[in-house]
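Residue numbers (the numbering used here), protein chains in the order written: chain A, 255 to 658; chain B, 255 to 658.
Below is one structure, written out as structure tokens; the observations come after it.
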């Protein structure tokens with residue numbers, strides 16, 4: 255008789271955003287007149303920029319003509335996109351990343367979940383707490399996390415690095431030595447960032463203890479301050495210890511288009527084995543490339559018109575972020591984030607837990623946010639709002655919350 | 255110090271089609287005047303059908319307007335596509351498959367590689383020999399295959415089911431009991447099929463011994479004979495033992511568009527645990543949906559115009575198949591397949607190994623095929639040609655081979 259992967263049974267409940275979706279749908283069904291405003295899941299709302307739409311139409315036409323039709327994409331992505339990324343995301347920032355160290359994928363969520371596969375199951379992982387749930391859940395599925403403590407809501411073999419008000423939501427170097435360190439800056443969910451000097455400390459630490467950093471830079475387009483690194487490869491020594499994950503979802507609104515990439519430098523090795531080759535093998539065996547038309551859309555993100563249009567789109571969302579930040583502060587909430595990230599992280603009021611505050615906001619003012627507890631135990635009394643709504647909805651949501 | 259997944263190091267060489275690609279590129283670079291005809295990798299060459307192009311343009315326009323923009327897709331796929339598939343691929347053929355048992359993905363290669371994740375690592379797999387390399391390689395990566403014997407080119411813990419001329423390229427029930435059985439009909443690479451009665455035997459066997467069948471039906475659109483099943487769910491009892499993988503790559507030319515789906519019936523259980531929930535959890539955690547525009551393209555495959563246009567496209571390729579089959583037979587080759595599948599399977603002549611024949615064809619007539627050995631030891635003296643080229647190229651390739 256076949257057996258299942260028993261690790262799946264250890265996972266408590268369903269994926270955070272599925273749970274929220276179900277709760278909101280149930281509320282909406284029971285209260286059809288409630289005008290619900292969703293500032294929960296980190297999904298964008300602005301349409302794709304004209305330069306991207308144009309590139310999509312052009313690529314679709316190519317697929318309709320025999321002379322220009324494209325079948326299977328190169329395993330690791332089209333050269334036109336890989337070299338464009340190398341040029342604009344890395345070379346332009348003084349980072350050494352070669353085009354063939356960039357692996358195009360169908361999105362950073364897939365890469366976040368899949369990257370752990372090339373590592374041994376005995377590796378110890380360290381994560382920020384709170385944290386994007388995919389890092390932990392994908393390691394649970396692989397059997398790397400030990401046993402779950404339902405009271406503490408923690409895994410026995412995971413090293414948690416609390417990110418709380420007391421440390422400015424920046425993790426401290428862990429006391430126990432990890433093998434794989436997940437870092438995400440600008441951070442989801444807290445919206446916090448760290449400076450280049452702080453990130454350099456992590457790179458030095460990883461090189462010293464022989465750990466690999468999985469650096470999620472999905473929100474780098476939202477950085478507004480000068481001293482915040484856009485890539486971990488701005489730090490010296492990162493090529494021997496860091497993998498970087500990038501997304502087109504948030505800088506270009508590709509949540510429903512699906513495109514991302516992962517950088518695995520050739521210098522990153524375990525003994526003689528380069529991780530670059532392992533990830534290439536995974537791509538070649540279990541993936542068949544991102545759609546041609548989507549890769550052309552990704553290329554358009556870096557065109558002059560695309561860059562100008564997307565700068566405006568990011569500014570639009572960051573204007574929302576400022577509005578939420580200011581409005582909630584005026585209403586007496588303790589808030590952070592929202593300066594270099596599209597997320598605002600607030601303390602649930604009156605000693606409420608984060609799920610209590612979730613229900614409270616949904617029921618009293620029909621505003622949906624994300625309970626901090628969904629991101630880890632240190633998120634228990636926090637709550638995440640996103641700046642990805644429309645300006646009108648954002649203003650209305652803030653007014654409703656202020657008027658509670 | 256972090257450790258890597260040591261299973262990756264067990265994999266001999268690189269993925270088959272990457273190797274072929276490198277060989278062909280090297281030959282082309284050294285012989286720039288050679289007009290190479292590629293009938294190797296199973297990639298289509300006909301442009302997307304007009305109905306699909308129209309659906310893509312329409313969906314792109316939707317993504318460019320605020321009122322119709324779509325962000326994250328539902329985890330498991332859009333309802334419009336899932337219900338269309340349930341209707342046309344299953345209900346219309348008398349199969350019981352619900353829309354919510356269909357999981358939309360970015361292609362059957364991803365699903366083929368990922369599906370093993372929800373199973374225990376102690377499971378014993380059985381595969382046809384020769385076989386699509388992804389089934390075995392993805393299980394090697396998961397540590398399910400034991401040790402590799404470089405002489406025999408087999409894995410110690412894999413049950414091989416030879417598919418050779420002597421058994422009509424149809425596998426026999428294995429002597430050792432497997433937990434997971436990979437079947438693909440119409441078959442890649444042999445182009446062979448089995449009858450509904452034969453498939454029913456497999457379903458009965460799997461239910462009896464408690465095995466799960468992973469049924470790859472990527473080529474069902476090429477079935478021309480009446481008694482060949484299009485879906486494993488045409489067999490009684492398949493809902494308790496079978497997962498079915500489907501692709502849009504071959505029936506609609508989506509190799510560069512990327513869309514597929516997997517059916518996991520709710521009745522398929524290990525004890526109390528439904529595999530449906532496990533696969534849903536994997537989708538929700540490690541995948542973020544296929545692109546909206548691509549799912550709309552998938553829907554257009556089932557429109558009246560789409561069906562008519564794609565029927566012609568399949569007929570075009572099957573005309574190539576007939577041409578190859580007839581031509582090579584006339585030239586004295588032993589050939590099979592090509593009637594219910596776009597693949598022609600031929601015996602390498604003069605006692606050559608399949609890689610010898612690969613080099614021979616490339617060098618003497620500049621025709622690229624796929625060496626049978628790349629699919630498993632029983633493919634050692636066989637060779638695969640595909641019908642996916644243009645008619646002109648197919649005719650020229652056959653003429654060149656006939657004139658050797």
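Every residue gets a Cβ at the ideal spot worked out from N, C-alpha and C, and that includes glycine.
**Message:** Can you tell me whether residue 467/B is buried or exposed? The criterion is at least 16 other CB atoms within 10 Å of its CB, across all chains shown.
**Reply:** As a working note, residue 467/B is residue 213 in the second chain. Its Cβ being crowded by 16 or more others within 10 Å, residue 467/B is buried.
**Message:** So, at 7 Å on beta carbons, what are the nonlocal neighbours of residue 262/B in its own chain, with the 5 sequence-adjacent residues on each side left out?
**Reply:** Taking the second chain and counting its residues from 1, one reaches residue 262/B at position 8. The answer, listed in chain order, is 395.
**Closer than 7 Å at the beta carbon, the chain B residues around residue 548/A** = Numbered from 1 along the first chain, position 294 holds the residue referred to as residue 548/A. Result: 545.
**Prompt:** So, does the CB of residue 539/A fall closer than 8 Å to a CB anywhere in chain B?
**Reply:** To locate residue 539/A, count along the first chain from 1; it is residue 285. By this cut-off, residue 539/A is an interface position.
**Message:** Across the segment 615–632 of chain B and the segment 536–550 of chain B, are there enough close Cβ pairs to call them in contact, namely three or more that are closer than 8 Å?
**Reply:** no
**Message:** Closest to residue 434/A by C-alpha separation, out of 413/A, 423/A and 342/A, would be which residue?
**Reply:** The residue given as residue 434/A occupies position 180 in the first chain. Nearest C-alpha to residue 434/A: 413/A.
**Inter-residue CB distance, residue 304/A and residue 563/A (contact presumed, cutoff 8 Å)** = Mapped onto the first chain, residue 304/A falls at position 50. Mapped onto the first chain, residue 563/A falls at position 309. Right, their Cβ atoms sit about 6 Å apart.
**Within-8 Å CB hit, residue 376/A to chain B** = Here residue 376/A corresponds to residue number 122 of the first chain, with the count starting at 1. With 8 Å as the cut-off, residue 376/A counts as an interface residue toward chain B.
**Request:** Could you name the residues that DSSP lists as bridge partners for residue 359/A?
**Result:** The residue labelled residue 359/A in the question sits at position 105 within the first chain. 514/A, per the DSSP bridge assignment.
**Request:** Measuring only between beta-carbons, confirm whether residue 481/B sits less than 8 Å from chain A.
**Result:** Stepping through the second chain from its first residue, residue 481/B is reached at position 227. No - not a single Cβ of chain A is within 8 Å of the one on residue 481/B.
**Prompt:** So residue 614/A packs on residue 600/A, CB below 8 Å; how close in whole Å?
**Reply:** Your numbering for residue 614/A matches position 360 in the first chain. Your numbering for residue 600/A matches position 346 in the first chain. Contact doesn't hold; Cβ gap of about 13 Å is too wide.
**Request:** Can you give me the Cβ contacts of residue 295/B inside the same chain, cut-off strictly under 6 Å, excluding the 5 residues immediately before and after it?
**Result:** The residue given as residue 295/B occupies position 41 in the second chain. Closer than 6 Å at the Cβ level, and outside the excluded window around residue 295/B, lie 271.
**Prompt:** If you drop the 5 nearest sequence neighbours on each side, which residues of the same chain put their C-beta closer than 7 Å to that of residue 634/B?
**Reply:** Position 380 of the second chain, counted from the start, is the residue given in the question as residue 634/B. Taken in chain order, the residues that qualify are 607, 608, 626 and 627.
**Prompt:** So, is residue 365/B buried or exposed, given that buried needs 16 or more other C-beta atoms within 10 angstroms?
**Reply:** Along the second chain, one-based indexing puts residue 365/B at 111. Residue 365/B should be labelled buried.
**Prompt:** Using a Cβ-Cβ cut-off of 6 Å (strictly less than) and excluding sequence neighbours within five positions of residue 288/A, which residues of its own chain qualify?
**Reply:** Numbered from 1 along the first chain, position 34 holds the residue referred to as residue 288/A. The residues are 620.
**Asked** Excluding the five sequence neighbours on either side, which residues of its own chain have a C-beta within less than 7 Å of the C-beta of residue 518/B, listed in chain order?
**Response** Within the second chain, the letter at position 264 stands for residue 518/B. The residues are 355, 357, 497, 529, 530 and 533.
**Endpoints, alpha helix (DSSP H) assigned at residue 434/B** = Here residue 434/B is taken as the residue at index 180 of the second chain, counted from 1. Residue 434/B -> not in any alpha helix (DSSP H); beta strand (DSSP E) instead, spanning 434–438.
**Message:** Can you determine whether any heavy atom of the ligand NAD sits closer than 7 Å to the C-beta of residue 639/A, and answer yes or no?
**Reply:** Questions concerning the ligand NAD fall outside what the structure shown contains, since it holds no ligand whatsoever.
**Message:** Tell me which residue opens and which closes the alpha helix (DSSP H) that residue 270/B is part of.
**Reply:** In the second chain, counting from the first residue as 1, residue 270/B sits at position 16. 270–284 is the extent of the alpha helix (DSSP H) around residue 270/B.
**Request:** Show which residues of chain A have a CB atom less than 8 Å away from the CB atom of residue 371/B.
**Result:** The residue given as residue 371/B occupies position 117 in the second chain. Near residue 371/B (Cβ distances below 8 Å), the residues of chain A are 259 and 395.
**Request:** Using a Cβ cut-off of 8 Å (strictly closer), state whether residue 358/B contacts chain A.
**Result:** For this step, residue 358/B is matched to residue 104 along the second chain. Not an interface residue.
**Request:** Determine contact between the segment 645–657 of chain A and the segment 577–594 of chain A, defined as no fewer than three beta-carbon pairs at a distance below 8 Å.
**Result:** yes
**Message:** With a threshold of 8 Å between beta-carbons, can residue 391/B be considered close to chain A, or not?
**Reply:** Along the second chain, one-based indexing puts residue 391/B at 137. Output row for residue 391/B: interface = yes.
**Message:** Considering Cα atoms alone, identify which of 330/B, 328/B and 339/B is closest to residue 556/B.
**Reply:** As a working mapping, residue 556/B is identified with position 302 in the second chain. Comparing Cα positions, the closest option is 339/B.
**Asked** What residues in its chain sit with their C-beta under 6 Å from that of residue 292/B, if we drop five residues either side in the sequence?
**Response** In the second chain, residue 292/B corresponds to position 38, counting from 1. The residues are 622.
**Prompt:** From residue 618/B to residue 561/B, what distance separates their C-alpha atoms?
**Reply:** Stepping through the second chain from its first residue, residue 618/B is reached at position 364. Stepping through the second chain from its first residue, residue 561/B is reached at position 307. Answer to the nearest angstrom: the Cα atoms are 40 Å apart.
**residue 485/B, buried or exposed, once every other Cβ within 10 Å from all chains shown has been counted against 16** = For this step, residue 485/B is matched to residue 231 along the second chain. With 16 or more other Cβ atoms within 10 Å, it is buried.
**Message:** Quick check on the burial criterion: 16 or more other C-beta atoms within 10 angstroms. Buried or exposed for residue 657/A?
**Reply:** On the first chain, position 403 is the one that residue 657/A refers to. Answer is exposed; the Cβ neighbour count stays below 16.
**Item:** Interface residues of the segment 311–344 of chain B facing chain A [CB-CB below 7 Å]
**Value:** 311, 314, 317, 318, 319, 320, 323, 324, 325, 326, 327 and 329
**Asked** What number of angstroms, rounded off, separates the C-alpha of residue 452/A from the C-alpha of residue 524/B?
**Response** To locate residue 452/A, count along the first chain from 1; it is residue 198. To locate residue 524/B, count along the second chain from 1; it is residue 270. Residue 452/A and residue 524/B: Cα-Cα distance of roughly 48 Å.
**Message:** Output needed in chain order: residues of the segment 433–449 of chain A with a Cβ under 8 Å from some Cβ in chain B.
**Reply:** 433 and 434
**Bounding residues of the beta strand (DSSP E) (the contiguous stretch that carries residue 413/A)** = Counted from its first residue, the first chain places residue 413/A at position 159. Taken as a continuous stretch (DSSP letters only), the beta strand (DSSP E) holding residue 413/A covers 413–416.
**Request:** Decide if residue 535/B is buried, meaning its Cβ has at least 16 other Cβ atoms within 10 Å, or exposed.
**Result:** Translated into the one-based positions of the second chain, residue 535/B becomes position 281. Buried: at least 16 other Cβ atoms inside 10 Å.
**Message:** Let me confirm a value: residue 383/B is counted as buried when at least 16 other C-beta atoms fall within 10 Å, else exposed. Which label applies?
**Reply:** By one-based count along the second chain, residue 383/B stands at place 129. Buried, since its Cβ has 16 or more Cβ neighbours within 10 Å.
**Straight-line Cα distance separating residue 469/B from residue 458/B** = Indexing the second chain from 1 puts residue 458/B at position 204. Indexing the second chain from 1 puts residue 469/B at position 215. Roughly 14 Å between the two C-alpha positions.
**Message:** Taking the alpha-carbon of residue 256/B as reference, which of 257/A, 371/A and 362/A has the nearest alpha-carbon?
**Reply:** Along the second chain, read from residue 1 onward, the residue named residue 256/B stands at position 2. For the residues 257/A, 371/A and 362/A, the minimum Cα distance to residue 256/B belongs to 371/A.
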